[in-house]
Amino acid sequence: MKVALIIGHNSRNKGAYSSIIGSEFDYWKRIAMKIKNIIPDVVDVYERSPNKYYTREMFQVLEKLNQNKYTFCLELHFNSSTDKSANGCECYIYHKNNEDKMLARNFMHQLHNIFNVKIRNNHGINLVSSSQVRGGYGICKSKWIYILIEPFFGSNPGEALKFYDKNKIVELLIKFIIENSI
Numbered sequence: 000m001k002v003a004l005i006i007g008h009n010s011r012n013k014g015a016y017s018s019i020i021g022s023e024f025d026y027w028k029r030i031a032m033k034i035k036n037i038i039p040d041v042v043d044v045y046e047r048s049p050n051k052y053y054t055r056e057m058f059q060v061l062e063k064l065n066q067n068k069y070t071f072c073l074e075l076h077f078n079s080s081t082d083k084s085a086n087g088c089e090c091y092i093y094h095k096n097n098e099d100k101m102l103a104r105n106f107m108h109q110l111h112n113i114f115n116v117k118i119r120n121n122h123g124i125n126l127v128s129s130s131q132v133r134g135g136y137g138i139c140k141s142k143w144i145y146i147l148i149e150p151f152f153g154s155n156p157g158e159a160l161k162f163y164d165k166n167k168i169v170e171l172l173i174k175f176i177i178e179n180s181i
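For what it's worth, numbering that gives the first Met the number 0 labels the leading residue of the sequence shown as 0, then goes sequentially.
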């Protein structure tokens, strides 16, 4: 079975910015494409085409995504805050899906073990029940297990530096994808 990677944001709205690693969009696009090049038969990569409205962008992505069959989907983001000491990882998942929760916890556990990032409040799990809330569109409109990941704070220089070497996060994601898509 395949896994879908959805790049957070797009070329019009690049998301959060880190002085260490650049924009969310540019960072995750490079990583997603590297993963696709290494395991092309296992991963499909989706990117939001710029549109006037976020919901229209996501509608187009989900229209294509839901035509295929996936073991799970990962929407790739990183956090940012005006508080430069804010840190840790978290995931957003559908509130009624225990498979999402198990997979998200597994991901954060592996992330913590490799990058030594703190798992944020509520065991790093943010439950989403509406497509109208932050990150909720893909989570609520996808037919598949869908996890929005925020592995670190790009605004925290110390934490962003841990993710500067893209090969480490690529290796972690490939291992996670392969272990959980069979």
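For glycine and all other residues, C-beta sits at the position ideal for the given N, C-alpha and C.
Taking 7 Å as the limit between beta carbons, can you name the residues of its chain near residue i, skipping five residues before and five after?
{"i": "S141", "result": "L61, L64, N65 and C72"}
{"i": "I168", "result": "I30 and F162"}
{"i": "I34", "result": "L4, V42, V169, L172 and I173"}
{"i": "I20", "result": "Y26, G153, A159, F162 and Y163"}
Pull up the distance between the alpha-carbon of residue i and that of residue j, whole angstroms please.
{"i": "R55", "j": "R47", "result": "9 Å"}
{"i": "F114", "j": "L4", "result": "21 Å"}
{"i": "K28", "j": "R104", "result": "24 Å"}
{"i": "S80", "j": "S154", "result": "6 Å"}
{"i": "V132", "j": "N125", "result": "11 Å"}
{"i": "A15", "j": "L102", "result": "25 Å"}
{"i": "P156", "j": "I118", "result": "18 Å"}
{"i": "S22", "j": "N36", "result": "21 Å"}
Out of the options, which one is the CA nearest neighbour of residue i?
{"i": "S180", "options": "S18, S22, D43 and E23", "result": "D43"}
{"i": "M57", "options": "Y69, N67, S80 and E74", "result": "E74"}
{"i": "F106", "options": "E149, V127 and Y53", "result": "E149"}
{"i": "K95", "options": "I144, Y45 and I34", "result": "I144"}
{"i": "N112", "options": "Y16, L171, S10 and N125", "result": "L171"}
{"i": "Y52", "options": "N67, S22 and N12", "result": "N12"}
{"i": "V2", "options": "A15, T70 and G21", "result": "T70"}
{"i": "V127", "options": "S22, A15 and I138", "result": "I138"}
{"i": "N120", "options": "E98, Y45, C90 and E23", "result": "C90"}
{"i": "H108", "options": "E98, N97 and H122", "result": "H122"}
In the DSSP output, which residue or residues are listed as bridge partners for residue i?
{"i": "E149", "result": "E89"}
{"i": "E194", "result": "This structure leaves residue 194 out entirely; the chain is present only between 0 and 181."}
{"i": "G184", "result": "Because the chain in this structure spans residues 0 to 181, residue 184 falls outside the shown range and cannot be described."}
{"i": "V127", "result": "Y93"}
{"i": "D40", "result": "D40 is not bridged to any residue."}
{"i": "Y26", "result": "Beta-bridge pairing links Y26 to no other residue."}
{"i": "Y45", "result": "I5"}
{"i": "I118", "result": "C88"}
{"i": "Y52", "result": "Partner(s): none; Y52 has no beta bridge."}
Taking 9 Å as the cut-off, decide whether the C-beta atoms of residue i and residue j are in contact.
{"i": "L147", "j": "G7", "result": "yes"}
{"i": "L92", "j": "K100", "result": "Checking the displayed sequence, the identity of residue 92 turns out to be Ile instead of Leu. The answer is yes: Cβ separation under 9 Å."}
{"i": "K165", "j": "Y26", "result": "yes"}
Going by beta carbon distance, what residues of the same chain come within less than 8 Å of residue i, once the five residues before and after it are set aside?
{"i": "F151", "result": "F77, N78, N86, G87, C88, F114, V116, E158, A159, K161 and F162"}
{"i": "I177", "result": "I38 and V41"}
{"i": "N67", "result": "K1, A3 and D43"}
{"i": "N9", "result": "F24, E46, R47, S48, P49 and E56"}
{"i": "Q59", "result": "R47, S48 and N50"}
Return the chain-ordered list of same chain residues with a C-beta closer than 6 Å to the C-beta of residue i, the five sequence neighbours on each side being excluded.
{"i": "S129", "result": "G135"}
{"i": "E98", "result": "I144"}
{"i": "S17", "result": "G153 and A159"}
Does the ligand ADP have a heavy atom nearer than 8 Å to the CB of residue i?
{"i": "N78", "result": "Absent from the structure shown: the ligand ADP. Ligands present: none."}
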